[in-house]
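If you read the sequence shown in the working numbering, its first letter stands for residue 57, the second for the next number, and so on. Reading through the structure tokens given below for one structure.
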Amino acid sequence: MEKSVDTIDRRSLAVLSSGHLCIDLCQGAVPAFLPFLVAERHLTYAAAAGLVLATNIASSVVQPLFGQFADRFSVLWLMPVGLLLGGAGLALTGLVPGYWDLVLALMLCGIGIAAFHPEASRLVNAIAQKRRATSMSIFSVGGSLGFAVGPLLTTAILVSLGLQGSPLLLLPEAALALIIFFNFSRFQPYSGASKTHKQAQSAVQQNAWGAFALLTAVVICRSIVFYGLNTFLPLYWIGILHQTKAEGNIALTCFLAVGIISTLIGGRLADHYGRRIIVLIALIGQVPAVLLFAAFAPLNPLLALILLIPVSFTIFAPFSTMVVMGQEYLPGRVGTASGVTLGLALTVGGIAVPLFGHLADLYGLQMVLFSLAIVPVIGVALAFILPRPPLVVAHREAAG
57 MEKSVDTIDR RSLAVLSSGH LCIDLCQGAV PAFLPFLVAE RHLTYAAAAG LVLATNIASS
117 VVQPLFGQFA DRFSVLWLMP VGLLLGGAGL ALTGLVPGYW DLVLALMLCG IGIAAFHPEA
177 SRLVNAIAQK RRATSMSIFS VGGSLGFAVG PLLTTAILVS LGLQGSPLLL LPEAALALII
237 FFNFSRFQPY SGASKTHKQA QSAVQQNAWG AFALLTAVVI CRSIVFYGLN TFLPLYWIGI
297 LHQTKAEGNI ALTCFLAVGI ISTLIGGRLA DHYGRRIIVL IALIGQVPAV LLFAAFAPLN
357 PLLALILLIP VSFTIFAPFS TMVVMGQEYL PGRVGTASGV TLGLALTVGG IAVPLFGHLA
417 DLYGLQMVLF SLAIVPVIGV ALAFILPRPP LVVAHREAAG
């Protein structure tokens, strides 16, 4: 008996979300290695930052290529292989002797991260049926949790055992790789159904690359604001609010925790009210939210924490919806769309952070916050001309 189109295969979604947690644990673990590598391998700060850059470049540049591969072939094995490569890269990071060995180890980790995301998000799209934004929000929360757990787990291991304890980070990756492998038979119908549907409608469904390019620009705008706050929030708490380092990290944790809840809320709202309207409302709300934070946060740390809540909500609520919209704009290239929105576009946003760092050196952290409020204005202008994905599909069918 066939499931209703509104039904979500919760077990499959749970396995994929757990895999997302583990693969993004790798991404969150990389910065946690840096203090230990600086202390024990005598790296400069520039060299340490280069390791993070190597990981991000390997992940973001390769990810759309894995997406194209996933679109052409049934490649369920990319998910367990990605987990194993990510874990192996982290394991080697604590063991290899030279700097360029470290670069290669972390690039291996980045390639593993890149391999997992497109195929997993393509499956989530197929599993979700009509509730794509809700399902993608759950999948995204798995990644956010992994990003948060990665530094905690890595620090606990390296403090206890030193860099030679890094192979322990391979264990959760290997465990999830096995779980995913043993669920291949469960995933196969979705993979096959997605491929058959794509082939059957290839004559009438043409990918809306123009709309997708606009959406990618919107994702980049959102990414710039996220990376800016993620980088400078602890420094702001210390330098402007005169709080301790621990309190600065607590503020960052609150920002991310509110973001996890906001991701789930945003997905459900998008399925109920529509994708485009939720993205628009979030981006429009982001401008006053960031401006109010910049203007009034210096008055009081508690007030700053309260004002941070709407900032976090407007940044995180639309993200999973943007990923789904990308997949709907490119129904014949779902893996490619995922590779760009989850990989390349996010990293481009991170590249802007050094520019804001230079701005902070010249004019202070307050100016950085006011500057970040300008970015979503560009996102709003672009989002206003985004077509609704269902209308894009209808237009393609009418044209056929």
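Glycine included, every Cβ here is placed at the ideal spot set by N, Cα and C.
Across the structure, His76 and Gln244 are spaced so that their CA atoms are roughly 19 Å apart.
With contacts defined by Cβ atoms closer than 8 Å, His173 and Gly323 do not form a contacting pair. Pairing Ala85 with Leu227 gives a Cβ-Cβ distance that is not under 8 Å. If you draw a straight line from the Cα of Ile441 to the Cα of Ala176, it comes to about 29 Å. Taking the Cβ atoms as the reference, Pro290 lies roughly 5 Å from Leu308, within the contact range of under 8 Å. Here Trp133 carries a coil assignment [DSSP, helix/strand/coil]. By a beta-carbon distance limit of 8 Å, Ala353 contacts Leu359. Their separation comes to about 7 Å. Of the residues assessed, Val281 falls on the buried side of the cut-off, its CB having 16 or more other CB atoms within 10 angstroms. Ranked by Cα distance from Gly106, the first of Asp157, Leu140, Leu325 is Asp157. When C-beta atoms of the segment 164-172 are compared with those of the segment 78-97, three or more pairs fall below 8 Å, so the two segments count as touching.
In this structure Leu339 touches Pro374 by the C-beta definition: roughly 7 Å separates them, less than 8 Å.
Between the alpha carbons of Leu336 and Ala95 lies a distance of about 46 Å. In chain order, Leu421 place their CB closer than 6 Å to the CB of Tyr292, counting only its own chain and leaving out the 5 sequence neighbours on each side.
Ile334 is the residue among Asn356, Val396, Ile334 whose C-alpha sits nearest the C-alpha of Val436. Taking 8 Å as the upper bound for CB-CB distance, Gly202 and Cys78 are in contact here, some 6 Å apart.
In the three-state reduction of the DSSP assignment, His98 falls in the coil class, being assigned neither a helical nor a strand state.
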